[in-house]
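*Asks:*
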Amino acid sequence: MKTTSLTSLVAGISLAGLSLTAAADEVSLNVVSFTPKTAAVSAGFERFVTAVNEEFEGELALNWRGGPEVMPPFRLADAVRNNSIDMALISPSYYSGLVPSSSSANFSFKNYEEILESGYYDRMTEIHAERGLRYLGEIPATDVKFFLFFQDRIDGVDDLAGKRIRVFPTGLPFIEALGANGLVLPIGEIYTAMERGAIDGFMQGNLGWAEQYEDVVNYYITPPFYRAGFSILVSERAWDRLPEELRGELQDYVRNTLGPELDQSWGDVIAAGNAEVEAAGFEEIALEGEEAERYLQIAIDAAWEHMQEQVGDDELTAELRSMLVE
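For the record, in the sequence shown the residue sitting at position 270 is 302 according to the working numbering, with numbers rising by one throughout.
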């Protein structure tokens, strides 16, 4: 009886030791997103974190600390580069000052798998490395597109000239090419700016926000333009903490397995956003035929002309455009 008890005790200690060793070997990385956890778009971030934690359980744990309350969105990329945070989930346009070609990911009508096959993500890995950033990949959202919303009716492309429109940095060249005046503002300032008449409209996706703008928005323009996608940036210090084999497995999983799954996962979120727009009573102004084609062509051409100016490298711009547009 004593022998059995001693054997059991030794076995228990051994198992506990194994458990502690496994726990010690697991690398934990702190993650910050550019949107709050409660934002509709953050549903994709939650799926990403959950999937990675399940796939690499015991080896890697992503600790999603929060969003803007943890770190101002426009400081995220610098914080990653300076090793202040381990990982950022961020809009490409929010760090285009650091990596000018980052926002090119939005300037496409291709889906994720088409872009993956073009070699774009491998090229972006090289470009980010030149700026001291580890580019793990993208949380794609091809079907999350962008619209212009207004309080007063707009009947065509030419009516946009002179309008004051809130944009995020990626959309500014398009707005200016339409002859409108673009104003870069955080999302949280849109309502007040509309209410006070400081802007006539704004550029935004249609995910889970319409209800709060019911009394300042009446119309939106279609067709939508561009595509959404969110960069996954990792600090060099955090990357170096991962075993070499795990690095390769993680990047392969994120790009080749999880990426396509995430790109197809937005259906419910988009449907809910569309339903909210309808419930809010926003009226669609549908551009058609040549007018719609002109609108979309202005969007693409303006974006890539600006990209060429920002990058300052005609060859690189042409290379990226061939991957995303042609």
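In this text, a Cβ means the ideal position worked out from N, Cα and C, and glycines have one as well.
None of the values given here were measured: they were computed from a predicted structure.
What is the DSSP secondary structure of GLY151, reduced to helix, strand or coil?
*Replies:* In the sequence shown, counting from the first residue as 1, residue 151 sits at position 119. Three-state DSSP puts GLY151 in coil, outside helix and strand.
*Asks:* Within the same chain, show all residues whose beta-carbon is closer than 8 Å to that of GLN244, passing over the 5 residues directly before and after it, in chain order.
*Replies:* To locate residue 244, count along the sequence shown from 1; it is residue 212. Hits under 8 Å: TYR223.
*Asks:* On a CA-only basis, which of SER354, LEU282, MET156 is nearest ALA93? Give me that one, please.
*Replies:* The sequence position of residue 93 within the sequence shown is 61, counting from 1. The candidate whose alpha carbon is nearest that of ALA93 is LEU282.
*Asks:* Just to confirm, are PHE200 and TYR251 a CB contact at a threshold of 8 Å?
*Replies:* Mapped onto the sequence shown, residue 200 falls at position 168. Mapped onto the sequence shown, residue 251 falls at position 219. Cβ atoms of PHE200 and TYR251: not closer than 8 Å.
*Asks:* Which residue marks the beginning of the beta strand (DSSP E) containing TRP96, and which one marks its end?
*Replies:* Residue 96 sits at position 64 when you count from the first residue of the sequence shown. Segment 92–98, the beta strand (DSSP E) holding TRP96.
*Asks:* Taking just the CA atoms, how far does PHE178 sit from SER359?
*Replies:* Outside the displayed span of the chain (33 to 358) sits residue 359, for which this structure offers no information.
*Asks:* With distances taken Cα to Cα, identify the nearest neighbour of GLY220 among PRO68, ASP333, GLU358, ALA83.
*Replies:* Here the question's residue 220 lines up with position 188 in the sequence shown. GLY220 has its Cα closest to that of PRO68, out of PRO68, ASP333, GLU358, ALA83.
*Asks:* Under 8 Å between the Cβ atoms of VAL64 and LEU108?
*Replies:* One-based indexing of the sequence shown puts residue 64 at position 32. One-based indexing of the sequence shown puts residue 108 at position 76. Yes, they are a contact pair.
*Asks:* Taking DSSP as the reference, what is the three-state secondary structure of THR70?
*Replies:* In the sequence shown, residue 70 corresponds to position 38, counting from 1. If DSSP states are grouped into helix, strand and coil, THR70 belongs with coil.
*Asks:* Let me know the secondary structure DSSP gives VAL292 once reduced to three states.
*Replies:* In the sequence shown, residue 292 corresponds to position 260, counting from 1. The identity of residue 292 in the sequence shown is Pro, whereas the question assumes Val. For PRO292, the three-state secondary structure derived from DSSP is helix.
*Asks:* Per DSSP, what kind of secondary structure is ALA312 in: helix, strand or coil?
*Replies:* For the purposes of this step, residue 312 is identified with residue 280 of the sequence shown, where counting begins at 1. Three-state DSSP puts ALA312 in coil, outside helix and strand.
*Asks:* Taking only runs that begin and end inside the stretch 258–290, name each unbroken alpha helix (DSSP H) of 4 or more residues, in chain order.
*Replies:* 268–273, 276–284
*Asks:* Could you tell me whether the stretch 350–358 touches the stretch 207–221, using the rule of 3 or more Cβ pairs below 8 Å?
*Replies:* no
*Asks:* Hey, TRP298 and VAL131 are a contact pair by Cβ (cut 8 Å); roughly how many whole angstroms apart?
*Replies:* Residue numbering aside, residue 298 sits at position 266 when the sequence shown is read from its first letter. Residue numbering aside, residue 131 sits at position 99 when the sequence shown is read from its first letter. For TRP298 against VAL131, the beta-carbon gap comes to about 25 Å, at or over 8 Å, which does not count as contact.
*Asks:* Which residues bound the alpha helix (DSSP H) around ALA133?
*Replies:* Position 101 of the sequence shown, counting from 1, holds the residue named residue 133. It is worth fixing the name first, because residue 133 is Ser in this sequence and not Ala. Element bounds for SER133: n/a, residue is neither H nor E.
*Asks:* Tell me whether ARG269 is buried or exposed, calling it buried when 16 or more other Cβ atoms sit within 10 Å of its Cβ.
*Replies:* Taking the sequence shown and counting its residues from 1, the one referred to as residue 269 is at position 237. With fewer than 16 other CB atoms across the displayed protein chains lying within 10 angstroms of its CB, ARG269 is exposed.
*Asks:* Does VAL73 pass the burial test, meaning 16 or more other C-beta atoms within 10 Å, or should it be called exposed?
*Replies:* Indexing the sequence shown from 1 puts residue 73 at position 41. Result: buried.
*Asks:* Note down, in chain order, each residue of its chain lying with its Cβ closer than 6 Å to the Cβ of THR202, except the 5 sequence neighbours on either side.
*Replies:* Here residue 202 is taken as the residue at index 170 of the sequence shown, counted from 1. If we look at THR202 and ignore the five residues flanking it on each side, its Cβ neighbours are SER125, SER135, ASN138.
*Asks:* Could you tell me if VAL248 is buried or exposed, where buried requires 16 or more neighbouring beta carbons within 10 angstroms of its beta carbon?
*Replies:* Counting from 1 along the sequence shown, the entry for residue 248 is found at position 216. Its Cβ being crowded by 16 or more others within 10 Å, VAL248 is buried.
*Asks:* Under three-state DSSP, which class holds ASN213?
*Replies:* Taking the sequence shown and counting its residues from 1, the one referred to as residue 213 is at position 181. Looking at ASN213 - three-state DSSP - the assignment turns out to be strand.
*Asks:* Taking 7 Å as the cut-off, does the CB of TYR127 come closer than this to any heavy atom belonging to the ligand SAH?
*Replies:* The ligand SAH is not part of the structure shown, which contains no ligands of any sort.
*Asks:* Quick one: residues in its chain with C-beta nearer than 8 Å to the C-beta of ALA54, no 5 flanking neighbours on either side, listed in chain order?
*Replies:* Stepping through the sequence shown from its first residue, residue 54 is reached at position 22. Note that ALA54 scores 43 on pLDDT, short of 50, meaning its location in the model is unreliable and no value can be drawn from it.
*Asks:* What is the DSSP secondary structure of GLY188, reduced to helix, strand or coil?
*Replies:* Indexing the sequence shown from 1 puts residue 188 at position 156. Three-state result, GLY188: coil.
*Asks:* I need the boundaries of the beta strand (DSSP E) containing VAL199, first residue and last residue.
*Replies:* The count along the sequence shown starts at 1 and reaches residue 199 at position 167. Taken as a continuous stretch (DSSP letters only), the beta strand (DSSP E) holding VAL199 covers 196–199.
*Asks:* Per the contact definition of three or more C-beta pairs closer than 8 Å, is the stretch 326–344 in contact with the stretch 138–154?
*Replies:* yes
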